[in-house]
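Each protein sequence line maps, in turn, to chains A and B.
Plus 78 on top of the position in the first sequence (first one is 1) and you've got this note's numbering.
Plus 152 on top of the position in the second sequence (first one is 1) and you've got this note's numbering.
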Amino acid sequence: MAQVTVAASRPKPHRFRRARSRVPIWHVAWLALAALVFLVPVYSVVQFSLSGIVPGQNPFHWYLTVFDDSGFKSAFWLSVQISLETVAASLILMVPTVFWVHLRLPGLRPVMDLISVLPFVIPPIVLIVGLAPFLKTFSSWLFVRPEVLSLIYVVFALPFMYRALDAGLRAIDLRTLVEAAESLGASLPRTLMRVILPNLRAAIIGGSLLTVAIAMGEFTIASIMGFTTFSVYTYNIGTSTAYEGVALTFISLLLVWGAMLGLYLLGRGGRSAAGVAITN
Amino acid sequence: MALAEAGLQADVLVAAAPRKRSRTRRWAFLGVLPFFAYISIFLLIPTGELIVGAFRTANGAFTLSNVKDIFHAPYPAAFEFSLELSALSAFIGGLLGFLVANAILHHGVPRWIRPMYLSFSGMAANFAGVPLAFAYGATLGSLGVVTTLLGHLGLHIYPSFSLQGLFGAALVYAYFQFPLMILLMIPVIEGLRQEWREAASNLGAGSFGFWRHIGLPVVTPSLLGLTVLLFGNAFSAYATAYALGVSNLVTIDIAQLVDGNMTLNPQDAYALAFGMIVIIVITIAIYSFLQRRTSRWLR
Chain A
79 MAQVTVAASR PKPHRFRRAR SRVPIWHVAW LALAALVFLV PVYSVVQFSL
129 SGIVPGQNPF HWYLTVFDDS GFKSAFWLSV QISLETVAAS LILMVPTVFW
179 VHLRLPGLRP VMDLISVLPF VIPPIVLIVG LAPFLKTFSS WLFVRPEVLS
229 LIYVVFALPF MYRALDAGLR AIDLRTLVEA AESLGASLPR TLMRVILPNL
279 RAAIIGGSLL TVAIAMGEFT IASIMGFTTF SVYTYNIGTS TAYEGVALTF
329 ISLLLVWGAM LGLYLLGRGG RSAAGVAITN
Chain B
153 MALAEAGLQA DVLVAAAPRK RSRTRRWAFL GVLPFFAYIS IFLLIPTGEL
203 IVGAFRTANG AFTLSNVKDI FHAPYPAAFE FSLELSALSA FIGGLLGFLV
253 ANAILHHGVP RWIRPMYLSF SGMAANFAGV PLAFAYGATL GSLGVVTTLL
303 GHLGLHIYPS FSLQGLFGAA LVYAYFQFPL MILLMIPVIE GLRQEWREAA
353 SNLGAGSFGF WRHIGLPVVT PSLLGLTVLL FGNAFSAYAT AYALGVSNLV
403 TIDIAQLVDG NMTLNPQDAY ALAFGMIVII VITIAIYSFL QRRTSRWLR
C-alpha cells in the first residue's frame, strides 16, 4: 500500500543521556512480542516442511520432491520470465517519462504523483474486473499470452518505480547535467544513457527489486486469468500436499528476504530505505 | 561549481533564443504520450469501464439495479465481514505497530535493535498472499506447529478457533499490518521534537505526563490516519484470504464472479468492484484529512 523511506540515524543530540536511561519494562515486552510474532510463523514453516517424513527418509524430502516436479520448474521459470519482462517494460516506460517530466514538464509532476497512487485505490481484484473484458476485446491475441501479466504488473509496480525514480532525479541537479552534456555535443538520448542513468543506478536497482518482488508474488491476476505462475502453483500444490506447499512457502520467504536484503544493502551507503510492496 | 556555471551560461544561451524554447515546450508533451497511452489502456479505461458497467444492463442501457443488487444477499454479509476483518486487523496492527515503533525509538534501547526491527518489518510487510496463508496454516492450522505444542500443554484451541474466522483471519492479516504500521509510524514519532520532551521534563512531567498531554494529542491524527490506511490495505486484500479459505469476503465474491471468462454475471462484479472503490476512496479521503491535521505540528 505504501512505500516507506525511513531516514536513518539523524544526529543524536543527547548522547550523554543514553548511558543512564533505562528501558521501561513494557517497551521490552512489546519488542519481545513483536519478535515472537515475526519469528514463530517462520520457525513453524521450517519445522512443518521438515516433518511428516517416513523415518530414514531425507529430512529435506518435501523440498526434493517439489523441486523434482516438472510443474514446479515450469511455474517458477514462468514467474522469473514474467518478473524480468515486467522490470524491462517498467524501466523502458518509466525512466524516459519521469526524466522528461523532470526536465521539460515539471508542471505535470502533481498529475504524475496522483496517477502513481491510483494502483492503491484500484487494487488488483478490482482492476481485473474492468481489465479482463477490455483486454479481451482490445487484443484477444495478447489476452491468452503470459506476457500480458508483465504488462499488467507494470501498473502495480508503478507506485514504487515512480517514487524511486522521482526521488533519484530529485537528488541530482538534472538541468545542469543535461545542459553540460548538451554543450559538449551529446544528444538527449545519449545524455540519458551515459549521464543520467549512471546517476540513477540506486533508484533503478531499488525500483527493480520491488518490481521483482511484486511480480514473483502476484496471485490474484495470474490465477483469475488462468496462468500457473509460482504463487498459483504454490497454492495448487498446497491444497493437495500441505507439506510441499509449506516447503514452497519457505522458498517464497527466502525470495522476499533476498529482495529486502538487496534494498538494505543498497540503502546502507546513504540512507536506509525500507520499501514496502504488498502483494496481498 | 564549474558545472553550475556551465548551467548558468547555458541558461543565458537558451534565454537568448526564446523562439526555439517555446517551440520545444509546445511539443514537449509528446514525450509523455507513451506513458499516458499505457496507463490509459491498463488502468484508466478499464476502471472507467467498470464504473460505467456498474450502472448498465447487459444491453448497455442505464440501470441502478446492479448497484441495488449489492444490498441483496449474499453481498451485504460479505461487505460486513470484509469491513469487520479490515477494522479488526487494522486495530490490532495499528496498536501493536505504534507500541513497537515507540519502543524501538526509546533512547535506552540498544543500537542494533532499530535496523534489525526495520529490516524485519520490511520483510514481514511484504510477506503476504498465498505463502502467508500457508505459513499460518503451518503455525496455527489444525495440524500446525503451535497448535500441536499447545495441545501437548493441554490447551486445545480447536474447534473454537479457526483461521477462517474473524479473529483467526485478523491475526493472519496482522502479520503484514503491524510491520507496515511500524515503518509508517517511526517518522511520525521521530517528528515529536526533543525540545518538547525537555520542556515537559523541566515542568516536571514524566514519560506518562509527556505522552498524555503532548505526545498523544500531536500523534493521534497520524495514528488514526495510518490505522485507516491499514484498514484500506486489509479491505483490498484477496490472495491471503483466498488461500486461507475465508469464504464470505467481498474480494472473494468478486473473484468468483470474474473467474472463467466473465460469463457468469459481469454486472454484479462491476457493481461490487464499484462498491469497493467507493469504500477505498472514502478511507483515503479520511486518511489525507487526518494527515493534513498532523503535518501542522510535525516537521
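Beta carbons: idealized from backbone N, C-alpha and C, even for Gly.
All values reported here derive from a predicted model rather than from experimental measurement.
Step through the CB atoms of chain B and report whether any lies within less than 8 Å of the CB of residue i.
{"i": "residue 193 of chain A", "result": "yes"}
{"i": "residue 155 of chain A", "result": "no"}
{"i": "residue 338 of chain A", "result": "yes"}
{"i": "residue 116 of chain A", "result": "yes"}
{"i": "residue 272 of chain A", "result": "no"}
{"i": "residue 139 of chain A", "result": "no"}
{"i": "residue 247 of chain A", "result": "no"}
{"i": "residue 150 of chain A", "result": "no"}
{"i": "residue 143 of chain A", "result": "no"}
{"i": "residue 100 of chain A", "result": "yes"}
{"i": "residue 187 of chain A", "result": "no"}
Is residue i near residue j, with beta carbons less than 8 Å apart?
{"i": "residue 274 of chain B", "j": "residue 185 of chain B", "result": "no"}
{"i": "residue 463 of chain B", "j": "residue 404 of chain B", "result": "Past the edges of chain B, shown from 153 to 451, lies residue 463 of chain B, and the structure says nothing about it."}
{"i": "residue 125 of chain A", "j": "residue 297 of chain B", "result": "yes"}
{"i": "residue 197 of chain A", "j": "residue 237 of chain A", "result": "yes"}
{"i": "residue 325 of chain B", "j": "residue 386 of chain B", "result": "yes"}
{"i": "residue 331 of chain B", "j": "residue 276 of chain B", "result": "yes"}
{"i": "residue 198 of chain B", "j": "residue 205 of chain A", "result": "yes"}
{"i": "residue 233 of chain A", "j": "residue 432 of chain B", "result": "no"}
{"i": "residue 401 of chain B", "j": "residue 230 of chain B", "result": "yes"}
{"i": "residue 248 of chain A", "j": "residue 194 of chain A", "result": "no"}
Could you tell me whether any Cβ in chain A is nearer than 8 Å to the Cβ of residue i?
{"i": "residue 237 of chain B", "result": "no"}
{"i": "residue 155 of chain B", "result": "Low local confidence applies: a pLDDT of 43 at residue 155 of chain B is under 50, so the model's placement there is unreliable, and no value is given."}
{"i": "residue 361 of chain B", "result": "no"}
{"i": "residue 186 of chain B", "result": "yes"}
{"i": "residue 194 of chain B", "result": "yes"}
{"i": "residue 428 of chain B", "result": "yes"}
{"i": "residue 225 of chain B", "result": "no"}
{"i": "residue 411 of chain B", "result": "yes"}
{"i": "residue 170 of chain B", "result": "Unreliable positioning characterises residue 170 of chain B in this predicted model, as indicated by a pLDDT of 48, which lies under 50. A coordinate reading is not provided."}
{"i": "residue 308 of chain B", "result": "no"}
{"i": "residue 207 of chain B", "result": "no"}
{"i": "residue 233 of chain B", "result": "no"}
{"i": "residue 340 of chain B", "result": "no"}
{"i": "residue 219 of chain B", "result": "no"}
{"i": "residue 388 of chain B", "result": "yes"}
Rounded to whole angstroms, what is the Cα-Cα separation between residue i and residue j?
{"i": "residue 237 of chain B", "j": "residue 384 of chain B", "result": "11 Å"}
{"i": "residue 333 of chain B", "j": "residue 191 of chain B", "result": "30 Å"}
{"i": "residue 340 of chain B", "j": "residue 310 of chain B", "result": "40 Å"}
{"i": "residue 225 of chain B", "j": "residue 408 of chain B", "result": "15 Å"}
{"i": "residue 381 of chain B", "j": "residue 438 of chain B", "result": "9 Å"}
{"i": "residue 257 of chain A", "j": "residue 177 of chain A", "result": "14 Å"}
{"i": "residue 321 of chain B", "j": "residue 396 of chain B", "result": "8 Å"}
{"i": "residue 447 of chain B", "j": "residue 375 of chain B", "result": "12 Å"}
{"i": "residue 282 of chain A", "j": "residue 243 of chain A", "result": "7 Å"}
{"i": "residue 263 of chain B", "j": "residue 101 of chain A", "result": "13 Å"}
{"i": "residue 95 of chain A", "j": "residue 347 of chain B", "result": "Unreliable placement is indicated for residue 95 of chain A, whose pLDDT of 47 sits below 50; the coordinate value is still reported in the next sentence. When rounded, the distance between both Cα atoms is 14 Å."}
{"i": "residue 160 of chain A", "j": "residue 305 of chain A", "result": "11 Å"}
{"i": "residue 367 of chain B", "j": "residue 349 of chain B", "result": "9 Å"}
{"i": "residue 252 of chain A", "j": "residue 290 of chain A", "result": "27 Å"}
{"i": "residue 117 of chain A", "j": "residue 174 of chain A", "result": "42 Å"}
{"i": "residue 434 of chain B", "j": "residue 420 of chain B", "result": "21 Å"}
{"i": "residue 280 of chain B", "j": "residue 308 of chain A", "result": "14 Å"}
{"i": "residue 251 of chain B", "j": "residue 106 of chain A", "result": "11 Å"}
{"i": "residue 201 of chain B", "j": "residue 410 of chain B", "result": "15 Å"}
{"i": "residue 158 of chain B", "j": "residue 262 of chain A", "result": "Per-residue confidence for residue 158 of chain B stands at a pLDDT of 44, beneath the threshold of 50, marking its modelled position as unreliable; the derived number appears in the next sentence. Each residue's Cα considered, the two are about 11 Å apart."}
{"i": "residue 442 of chain B", "j": "residue 351 of chain B", "result": "26 Å"}
Distance cutoff 8 Å, beta carbons only. Does residue i sit that close to anything in chain C?
{"i": "residue 211 of chain A", "result": "Judged by its chain identifiers, the structure shown contains no chain C, and its protein chains are A and B."}
The region 288–314 of chain A: positions lying closer than 7 Å to chain B by Cβ:
Listed by position, the residues of the region 288–314 of chain A near chain B (Cβ gap below 7 Å) are 291, 295, 297, 298, 302, 309, 312, 313.
Residues from the region 325–337 of chain A in contact with chain B, defined by Cβ distance under 7 Å
Answer in chain order: 327, 330, 331, 334, 335.
Check distances from the C-beta atoms of the region 275–305 of chain B to those of chain A and list, in chain order, the residues that come in under 9 Å.
275, 276, 277, 278, 279, 280, 281, 282, 283, 284, 285, 286, 287, 288, 289, 290, 291, 292, 293, 295, 296, 297, 298
Count the CB pairs spanning the region 243–260 of chain A and the region 294–301 of chain A that are closer than 8 Å, and state whether there are at least three.
no
Taking one C-beta from the region 349–369 of chain B and one from the region 300–307 of chain B each time, how about it: are there three or more such pairs within less than 8 Å?
no
The region 342–350 of chain B contacting the region 422–432 of chain B, beta-carbon criterion three pairs below 8 Å:
no
Under 8 Å (Cβ pairs) to chain A, residues found in the region 260–272 of chain B
Taking 8 Å as the Cβ-Cβ cut-off against chain A, the residues of the region 260–272 of chain B that qualify are 260, 261, 265, 267, 269, 270, 271, 272.
At least three beta-carbon pairs within less than 8 Å, the region 109–119 of chain A to the region 298–318 of chain A:
no
Counting Cβ pairs closer than 8 Å, one from the region 215–222 of chain A and one from the region 206–225 of chain B, do we hit at least three?
Cβ pair count under 8 Å is below three, so no.
Selection of the region 249–267 of chain A by Cβ proximity to chain B, strictly under 8 Å
251, 253, 254, 255, 257, 258, 260, 261
Hey, is the region 283–291 of chain B in contact with the region 242–249 of chain B, meaning 3+ C-beta pairs nearer than 8 Å?
no
Taking one C-beta from the region 329–343 of chain A and one from the region 268–282 of chain B each time, how about it: are there three or more such pairs within less than 8 Å?
Touching, yes, given that three or more Cβ pairs across the two stretches are closer than 8 Å.
Short of 9 Å Cβ to Cβ, which residues in the region 433–445 of chain B face chain A?
Within the region 433–445 of chain B, the residues whose Cβ lies closer than 9 Å to some Cβ of chain A are 433, 436, listed in chain order.
Residues, ordered as in the chain, of the region 194–228 of chain A that lie near chain B by beta-carbon distance below 9 Å
195, 196, 197, 198, 199, 200, 201, 202, 203, 204, 205, 206, 207, 208, 209, 210, 211, 212, 213, 214, 216
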